[in-house]
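The structure appears right after this line, and notes come after that.
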Amino acid sequence: MTFDQILFYVFSFWFIASSLAMIFSRNAAKAVLFLILAFFSAASIWILLEAEFLAIILILVYVGAVMVLFLFVIKMLNIDKSTLRAKFAGYLPLGLIVAAIIVAEMTLVLGANQFGLEVVATPVRHTADYSNITTLALQLYTEYVYPFELASVLLLIAIISAITLVHRNEVNRKTQNIAEQVKVQAKDRMRLVSITTPNEEQDND
Amino acid sequence: MTDFWLWIHALIPWFDGAIATILIILIKAIALVGPLMLVVAYFTYAERKVIGYMQLRIGPNRVGPKGWLQPIADALKLMTKEIIFPSKANIYLFLLAPVLAIAPAIAIWAVIPFDEGVYVTDLDISLLYVMAIGSVGVYGIILAGWASNSKYPLLGALRSASLLVSYEIVIGFALVTVVMIAGSVNLNDIVIAQKGGILNWYWIPLFPMMIIFFISALVETNRAPFDVVEGESEIVGGTHVEYSGMTFAVFFLAEYANMIFMAVLAVILFFGGWHSPFEGIAYLGVGFAWVPGIIWLLAKTTFFMFLYLWVRATFPRFRYDQIMRLSWKVFLPWTIAWIFVVALMTQLRIGPWF
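In the order they appear, the protein sequences are chains A and B. Its first residue numbered 1, the first sequence is counted upward by one per residue in my numbering. Its first residue numbered 1001, the second sequence is counted upward by one per residue in my numbering.
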């Protein structure tokens, strides 16, 4: 067994183990942490496949931003476990059907008949000066530039619609104009008044 | 460097293959982390001295000559202190949090080029690596806040999470402008692209980005005036409230290692890394040619480290919502606008940078 293979099995083991731990852990925050470990293992496997750009982006976007927001939300929520369990049996059949469909689709699309050793040639090892990011950028900005731009416009629409959804009515919204607060000068806030005290000498006694 | 390893190989024949590779990486890592920890220790001393003088005090001067042994005394004190676990805290996550804070803070140094050919690893996508590993560091703070089972740490962690996610975007866009000029995401290539004296460094075409990057670095490292994560006047000590002894010291080390890292990164991206400022000038360039590049890098980094202290002693703390506004309404439009400015400059080939 070569060093690459040892690494592959180690990372795969951690990937599967942490994914299972994520599903079976009762604590939502711990589940998120196991999911982060799963992402890291997946990124490591991608690096073994010489897809280092994808691996780094997986960590940057999912671990660095999305999972932080997940933890953020989980910390703010007060999850009542009993109400969750009460509906468990009711949702079980539907959940099983959805899971079965997903597994069937995945086997059809990602199975051996699509990505098996007979269909796809063994990937070639590149030399040390091979730049994955340059290759990817050339493909993305020349051949696939329209799909790429369409995808970005789609994301922009998603952002705008999400903002408009929560930003509809200006009812009782308390806002502060920080630009005005920052610009404020001492003379706007403070007025120096000279007070004449006629009985000063008497008060001092 | 390669000559040196060949010489070692001739001296010790069995020193070859995988064992040699691992040993060399280990030696490089120790040669990096050891001095780093020493710099962190004396950076805390410098901080107390500099801020002391700025506030017309003397600062630490009791332990050793002129207080030089103060950081060592501090370290000994923290090491011998009792570690207290809050009741009902999640012990595993409570102890995992400092580890998750320090590990990225040290791992991020692997790709920094200190001189031509002096680095632990020459990663092809080192700038992305820096961003990815830097964004992982926030888990230490978030977990510390959540696992402590206490009010103020939780508030500090929430502030930290939202701040870091906001400023990550700003830093990302600022770095895009650097990548656009240098044409590479390799830190080594970015420094090499800035060769040729002080006017060829990227601080001139990217002046607003440099300022935005430095202010965002202050936020990312929880430094004053943006230290709301541990704002003493509002939430006691933020995420560190429940941590004592060595567990607190590890957070402290991580914070200062991150600060120094951000200073080095600013130098590499905007101030020519290891290049001498006198390159290309008639007599000064030749006269200073003997100075090794690492000296220039460290000198420039020291200036940025001093800026951290200067800023801390000068400005009052920002309010939390003002920091958020600064990110989303001031910095983000500026960075996006500057991407177009840089695109224009690249097309028109202005100056010596393109």
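No residue lacks a Cβ here, since even glycine has one placed at the ideal position from N, Cα and C. If you're wondering where the values come from, they're calculated on a predicted model, not measured in any experiment.
Hey, is A/V133's beta-carbon within less than 8 Å of any beta-carbon in chain B? The displayed chain sequence assigns Ile, not Val, to residue 133 of chain A. It does; some Cβ of chain B falls within 8 Å.
Exposed or buried, B/W1338, counting other C-beta atoms within 10 Å across all chains shown (16 or more means buried)? By the neighbour-count rule (16 or more Cβ atoms within 10 Å), B/W1338 is buried.
Hey, how far is the Cα of B/I1112 from the Cα of B/W1296? Those two C-alpha atoms are separated by around 14 Å.
Run through DSSP, which three-state label would A/V145 get? Here DSSP, grouped into helix, strand and coil, assigns A/V145 to helix.
I'd like to know if B/W1146 contacts chain A, where contact means its C-beta is closer than 8 Å to some C-beta of that chain. In terms of beta-carbon proximity, B/W1146 lines the interface with chain A, with at least one pair separated by less than 8 Å.
Once the 5 residues before and after B/E1255 are set aside, which same chain residues still bring their CB inside 7 Å of it? Within the same chain, and ignoring the five residues on either side of B/E1255 in sequence, the residues whose Cβ sits closer than 7 Å to its Cβ are T1221, N1222.
Hey, does A/E72 have any beta-carbon neighbour from chain B nearer than 8 Å? The amino acid at residue 72 of chain A is misidentified as Glu; the sequence shows Phe. Yes, contact with chain B.
Since B/F1270 is in the alpha helix (DSSP H), which residue starts that stretch and which ends it? B/F1270 -> alpha helix (DSSP H) spans 1245-1270.
Can you tell me the Cβ-Cβ gap for B/A1266 and B/F1213, rounded? I've got them flagged as a contact below 8 Å. The Cβ separation is near 6 Å, so the contact holds.
When Cβ atoms are compared, which residues of the stretch 53-67 of chain A fall closer than 7 Å to chain B? Along the stretch 53-67 of chain A, the positions whose C-beta sits under 7 Å from a C-beta of chain B are F53, I56, I59, L60, V63, G64, A65, read in chain order.
Can you name, in chain order, every residue of its own chain whose Cβ lies under 7 Å from the Cβ of A/I74, other than the five neighbours on each side? The beta carbon of A/I74 sits closer than 7 Å to the beta carbons of A28, A29, V32 from its chain, once the five residues preceding and following it are set aside; these are given in chain order.
Is there at least one Cβ from chain B nearer than 8 Å to A/I159's Cβ? For A/I159, the answer is no, since every Cβ of chain B falls outside 8 Å of its Cβ.
Determine, using beta carbons only, whether B/V1185 and A/I133 come nearer to each other than 8 Å. The answer is yes: Cβ separation under 8 Å.
For the 8 Å Cβ check, are there 3 or more pairs between the stretch 1328-1346 of chain B and the stretch 1175-1192 of chain B? Contact check between the stretch 1328-1346 of chain B and the stretch 1175-1192 of chain B: three or more CB pairs, one atom from each, fall below 8 Å, which counts as touching.
Looking at the C-beta of A/A207, does it have a partner C-beta in chain B at a distance below 8 Å? The shown model of chain A, from 1 to 205, leaves out residue 207 of chain A, and the question about it has no answer.
Should A/L140 be flagged as near chain B, meaning a C-beta pair shorter than 8 Å? Contact of A/L140 with chain B is not assigned, every C-beta pair being separated by 8 Å or more.
What separation, rounded to the nearest whole angstrom, lies between the Cα atoms of A/L49 and B/V1236? Cα to Cα, the separation comes out at about 47 Å.
Expected contact under 8 Å - CB spacing of B/I1141 and B/V1228 to nearest Å: In fact, because the Cβ distance is near 12 Å, the residues do not count as touching under 8 Å.
Compare the beta carbon distance of A/F39 and A/L58 with 8 Å and say whether it is the shorter of the two. Going by beta carbons, A/F39 and A/L58 fall inside the 8 Å limit.
Need the endpoints of the alpha helix (DSSP H) that B/T1302 sits in, please. Start and end: 1293-1314.
I'd like to check one pair, B/I1169 with B/L1332: are the Cβ atoms closer than 8 Å? Taking 8 Å as the Cβ cut-off, B/L1332 and B/I1169 qualify as a contacting pair.
A/L69 versus chain B: which residues are under 8 Å apart at the beta carbon? In chain order: A1161, V1165.
So which of B/F1094, B/D1115, B/P1071, B/G1196 has the shortest CA-CA distance to B/A1282? Among B/F1094, B/D1115, B/P1071, B/G1196, the Cα nearest to that of B/A1282 is on B/G1196.
Among B/G1052, B/I1025, B/A1010, B/T1021, whose alpha-carbon lies nearest the alpha-carbon of B/R1312? Ranking the options by Cα distance to B/R1312, first place goes to B/G1052.
Determine the closest residue to B/E1279 out of B/I1192, B/A1110, B/F1114, with distance taken between C-alpha atoms. Of the listed residues, the one whose Cα sits closest to B/E1279 is B/I1192.
If we call anything under 8 Å between Cβ atoms a contact, is B/P1060 one with B/Y1045? A distance below 8 Å separates the beta carbons of B/P1060 and B/Y1045.
Residues sharing a beta bridge with B/V1118, DSSP: Its beta-bridge partners are B/D1115.
Does DSSP put B/R1223 in a helix, in a strand, or in coil? Looking at B/R1223 - three-state DSSP - the assignment turns out to be coil, as it is neither helix nor strand.
Proximity of B/S963 and B/S1327 at Cβ, strictly below 8 Å: What is shown of chain B runs 1001 to 1354, which leaves residue 963 of chain B out entirely.
Following the continuous alpha helix (DSSP H) through B/G1172, name the residue where it begins and the one where it ends. Membership of B/G1172 in the alpha helix (DSSP H) is indicated by the continuous run 1151-1182.
Identify each residue in the stretch 1124-1143 of chain B for which the Cβ-Cβ distance to at least one residue of chain A is less than 7 Å, and report them in chain order. The residues in question are D1124, I1125, L1128, Y1129, M1131, A1132, S1135, V1136, V1138, I1142.
How many angstroms separate the CA atom of A/Y144 from the CA atom of A/V153? Near 14 Å, if we compare the C-alpha coordinates of A/V153 and A/Y144.
I'd like to know if B/R1325 contacts chain A, where contact means its C-beta is closer than 8 Å to some C-beta of that chain. Taking Cβ atoms only, chain A reaches closer than 8 Å to B/R1325, which makes this a yes.
Contacts of B/D1321 in chain A (Cβ-Cβ under 8 Å): Ordered by position in chain A, the residues that pass the 8 Å Cβ test against B/D1321 are Q176, I178.
Between B/G1231 and B/V1291, what straight-line distance do the alpha-carbon atoms span, to the nearest angstrom? Inter-residue distance for B/G1231 and B/V1291 is about 42 Å (C-alpha atoms, whole angstroms).
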